[in-house]
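Asker: Residue numbers (the working numbering), protein chains in the order written: chain A, 1 to 380; chain B, 1 to 380.
No residue lacks a Cβ here, since even glycine has one placed at the ideal position from N, Cα and C.
Since the model is a prediction, treat every value here as computed from it, not as a measurement.
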């Protein structure tokens, strides 16, 4: 893996991450393909939208269909889902954390019951690495315990320290034999910085991770209920400490303003279910704000969703048609809405990269910050 | 409208129907786009599959979003749904018939309550023509009463005679001013032969319709519960009587063997929800029979759905992936299954046309008749 810094504006970075399966221009947004499919989209459509990498969820794929079935396919997950560009898999740590009372954590790993069929499952950091290797991930993530919110300093420290022990165990296991197979090039492992809302713990976490040579660094344990200022404080604290020569990934975040906020603090990679989930709820991202297509005002509106958008949904269909499809629960409605929202996000990333290249990110950031965040904002 | 007969084999006909918006090679299958969308598909995909015409349901579009909203779009339904090739609309007669106790029929028309919001609706033959004109249909259908099954000779005769009075009223209304508008070329109206299972009534029906100059003739009132031999008998009776210079359309039918059976008796046009509906239930048409993708045998099967099929689903994805998508209720699963089944039907029609051109339809028909009809048939 090669990560090249092509330019900066303040702390913001323009970069290029090169993997055997393809290059990723950063800052980049990774569409989420939980079960080995970005909901409602084909890989060809994702390529046409300009997606250079997708994220898949190890936890979900481990339960259905199981890594062994994926691994039967040439190229593993790439062959299974028909996507030949890079794939990042999360480790399952966040999903295990979300199981709450259904899981039991000890020093060696996590025990939980499958939410699909109730079967008992044991997951140690080494297992999480094996699954990601079997899936053929180009970028794998360390298996960690996501620290809850709120957490006392002591709770956050204990949780972080366990996560760091797990990260190092995972690293040693992941890289034990060089990795890769005939149909899958070896992947790269990212560490995840934890430590809750406490800067000193975030620094300690980063220091522990640096005992190994992780290919990149993720910022985890955010979007768990903290306020926006708290999140920005964590990003600010880490901005100058994260090694400059490695990609930085803010996990599971967020809205356009969240992404710009993090780019301004040096983050390179993003993923979030927001564009896909909002699309399924009829909430469509436009240049004028989030438009709720279920609003009766659009029933007889023959105009395109966003006259400024050049996605195929806006080029071909009217608001009245999109509202009609939504009202009739037509699958095509979900397709067109998802395609549009993903285009919005990927276009935002292209605009961010162009702005950094031309030293006008602050200008763009101001416009994004002023963009109406609330659903149902009036549009022109 | 121009209908050219390019060849025959026995009663079977190879033809070409030319409309202002495009030509249709016959025998042809029309994918059903009830609400102005062939479920899960885009118009571009339908074109790539080779669909030359789609069917839309007047009854459904009248209720949602309403013809006036469709008509706000340039090209009416064509613009609304983004499909520029011909569209055939049914008249709503069959759907009104399906409402059973919720409708009241008198000589002038039908009264019923909207199944969407309970609003009272009055539909006369003239109204059904106006709605189809507003939708911009390239081929519109006469508004008729679908005769129930079983029906006595007297019931069938009374019902047929009313339908014929309605058909002639509709014809006179439809063609009263030449039709068409700035963005929609004038459409053509097909008559529908009724008469239940009684050949004498079918002949009388056809004779009544020939009091006007309908552009084509549909065979209605089938697929209402009759046996296959009864249906074939109706087709046999009409085969030599329908005017040879007009396209013939068998409404709402059927499975591959039904289509071949009717082609052998001179039918040119077909529509059916079977390929789309089966796709949504995981029933996939293959060269070896109907495969139920929910069958556990496919869980770890990395082979394509049908190795003999060249559709993009079979080119790119495995049975294991399709089963996984179905099991996880992923929208992509419905897309890939629908695309495959539609490809199967459109490919069948191409094979039928090639066979007639080469005088080997009987050979093809034998193979289609031997094709396993039952779901879950074992595949190689």
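1. Run the CB neighbour count on residue 176 of chain B, radius 10 Å, all protein chains shown included, and call it buried at 16 or more, exposed below.
2. Give me, in chain order, the residues of the same chain whose beta-carbon lies closer than 7 Å to that of residue 54 of chain B; leave out the 5 immediate sequence neighbours on both sides.
3. Please tell me whether residue 320 of chain A has its Cβ less than 8 Å away from any Cβ of chain B.
4. What did DSSP end up calling residue 116 of chain A once you bin it into helix, strand or coil?
5. Could you list which residues in chain A have their beta carbon closer than 7 Å to that of residue 82 of chain B, in chain order?
6. Compile a chain-ordered list of the residues in the stretch 99-123 of chain A whose CB is closer than 9 Å to at least one CB of chain B.
7. Could you check whether residue 301 of chain B and residue 318 of chain B sit closer than 8 Å to each other, using their CB atoms as the reference points?
8. With DSSP as the reference, identify every bridge partner of residue 2 of chain A, one or two as the case may be.
9. Please list the residues of the stretch 19-37 of chain A that have a C-beta atom closer than 9 Å to any C-beta atom in chain B, keeping them in chain order.
10. For residue 88 of chain B, which beta-bridge partners are listed by DSSP?
11. Does residue 293 of chain A come within less than 8 Å of chain B when only Cβ atoms are used?
12. Specify whether the stretch 161-173 of chain A and the stretch 112-123 of chain A touch according to this definition: at least 3 beta carbon pairs, one from each stretch, less than 8 Å apart.
13. Going by beta-carbon coordinates alone, are residue 405 of chain B and residue 75 of chain B separated by less than 8 Å?
14. So, at 6 Å on beta carbons, what are the nonlocal neighbours of residue 59 of chain A in its own chain, with the 5 sequence-adjacent residues on each side left out?
15. When you compare the CB of residue 48 of chain B with every CB in chain A, is at least one pair closer than 8 Å?
16. Hey, out of B:276, B:282 and B:194, whose CA is closest to residue 242 of chain B's CA?
17. Can you tell me which of the three DSSP states residue 379 of chain B falls into?
18. Give me the chain A residues within the contact set of residue 73 of chain B, using Cβ-Cβ distance strictly less than 7 Å, ordered along the chain.
19. Going by alpha carbons, who is nearest to residue 225 of chain B out of B:253, B:217, B:320 and B:248?
20. Would you please state the rounded distance, in angstroms, between the beta carbons of residue 250 of chain A and residue 267 of chain A? I believe it to be under 8 Å.
21. Can you name the start and end residues of the beta strand (DSSP E) that residue 103 of chain B belongs to?
22. At which residues does the beta strand (DSSP E) containing residue 289 of chain A begin and terminate?
23. Using the three-state DSSP reduction, which class does residue 188 of chain A fall into: helix, strand or coil?
24. If you follow the beta strand (DSSP E) that residue 356 of chain A is part of, which residue opens it and which one closes it?
25. Pick from A:153, A:125, A:66 and A:187: whose alpha carbon is nearest that of residue 21 of chain A?
26. Since residue 253 of chain B is in the alpha helix (DSSP H), which residue starts that stretch and which ends it?
27. Below 8 Å, how does it come out for the stretch 302-322 of chain A and the stretch 65-72 of chain A: are there three or more Cβ pairs, yes or no?
28. Taking 8 Å as the threshold (C-beta atoms), are residue 17 of chain A and residue 247 of chain A in contact?
29. For residue 65 of chain A and chain B, any beta-carbon pair shorter than 8 Å?
30. Rounded to a whole number of angstroms, what is the C-alpha to C-alpha distance between residue 68 of chain A and residue 329 of chain B?
31. In angstroms, rounded to a whole number, what distance separates the CA positions of residue 213 of chain B and residue 325 of chain B?
32. Span of the beta strand (DSSP E) holding residue 217 of chain B?
33. Under 9 Å Cβ-Cβ, which residues of chain A neighbour residue 42 of chain B?
34. Measuring only between beta-carbons, confirm whether residue 95 of chain A sits less than 8 Å from chain B.
35. Buried or exposed for residue 13 of chain A, please, with buried defined as at least 16 other CB atoms from any protein chain shown within 10 angstroms of its CB.
36. So, is residue 104 of chain A buried or exposed, given that buried needs 16 or more other C-beta atoms within 10 angstroms?
Answerer: Per the coordinate set shown:
1. With fewer than 16 other Cβ atoms within 10 Å, it is exposed.
2. Scanning its chain for C-beta atoms nearer than 7 Å, with the 5 sequence neighbours on each side dropped, one finds around residue 54 of chain B the residues 30, 31, 33, 38, 46, 83 and 87, in chain order.
3. For residue 320 of chain A, the answer is yes, since a Cβ of chain B falls inside 8 Å of its Cβ.
4. Note: residue 116 of chain A maps to coil in three-state DSSP.
5. The contacting residues are 316 and 317.
6. Hits within the stretch: zero.
7. Residue 301 of chain B is positioned such that its CB atom lies closer than 8 Å to that of residue 318 of chain B.
8. Bridge partners of residue 2 of chain A according to DSSP: A:18.
9. The residues in question are 34, 35, 36 and 37.
10. Looking at the DSSP output, residue 88 of chain B sits in a beta bridge with B:55 and B:139.
11. Not one chain B Cβ lies under 8 Å of residue 293 of chain A.
12. Touching, no.
13. Nothing can be reported for residue 405 of chain B, as the shown portion of chain B is limited to 1 through 380.
14. Exclusion of the five residues before and after residue 59 of chain A leaves 92 and 95 as the residues of its chain whose Cβ lies within less than 6 Å of its Cβ.
15. False, the Cβ-Cβ gap to chain A never drops below 8 Å.
16. Ranking B:276, B:282 and B:194 by Cα distance to residue 242 of chain B puts B:194 first.
17. With a pLDDT of only 41 at residue 379 of chain B, under 50, the local geometry of the prediction cannot be trusted, and no value is derived from it.
18. Here the neighbours are 302 and 318.
19. Of the listed residues, the one whose Cα sits closest to residue 225 of chain B is B:253.
20. Indeed, because the Cβ distance is near 5 Å, the residues count as touching under 8 Å.
21. Its beta strand (DSSP E) spans residues 103-106.
22. Looking at the DSSP string, the run of the beta strand (DSSP E) that includes residue 289 of chain A is 289-292.
23. Under the three-state reduction of DSSP, residue 188 of chain A is assigned to strand.
24. In the DSSP assignment, residue 356 of chain A falls outside any beta strand (DSSP E) and within the unbroken alpha helix (DSSP H) covering 331-357.
25. Of the listed residues, the one whose Cα sits closest to residue 21 of chain A is A:187.
26. Residue 253 of chain B -> no alpha helix (DSSP H), and no H or E assigned at all.
27. Cβ pair count under 8 Å is below three, so no.
28. Going by C-beta atoms, residue 247 of chain A is nearer than 8 Å to residue 17 of chain A.
29. With 8 Å as the cut-off, residue 65 of chain A counts as an interface residue toward chain B.
30. Straight through space, the alpha carbons of residue 329 of chain B and residue 68 of chain A are spaced by roughly 21 Å.
31. Roughly 50 Å between the two C-alpha positions.
32. Its beta strand (DSSP E) spans residues 216-219.
33. In chain order: 312, 316, 332, 335 and 336.
34. Chain B contact via Cβ: absent.
35. Buried, by the Cβ-count rule.
36. With fewer than 16 Cβ atoms within 10 Å of its Cβ, residue 104 of chain A is classed as exposed.
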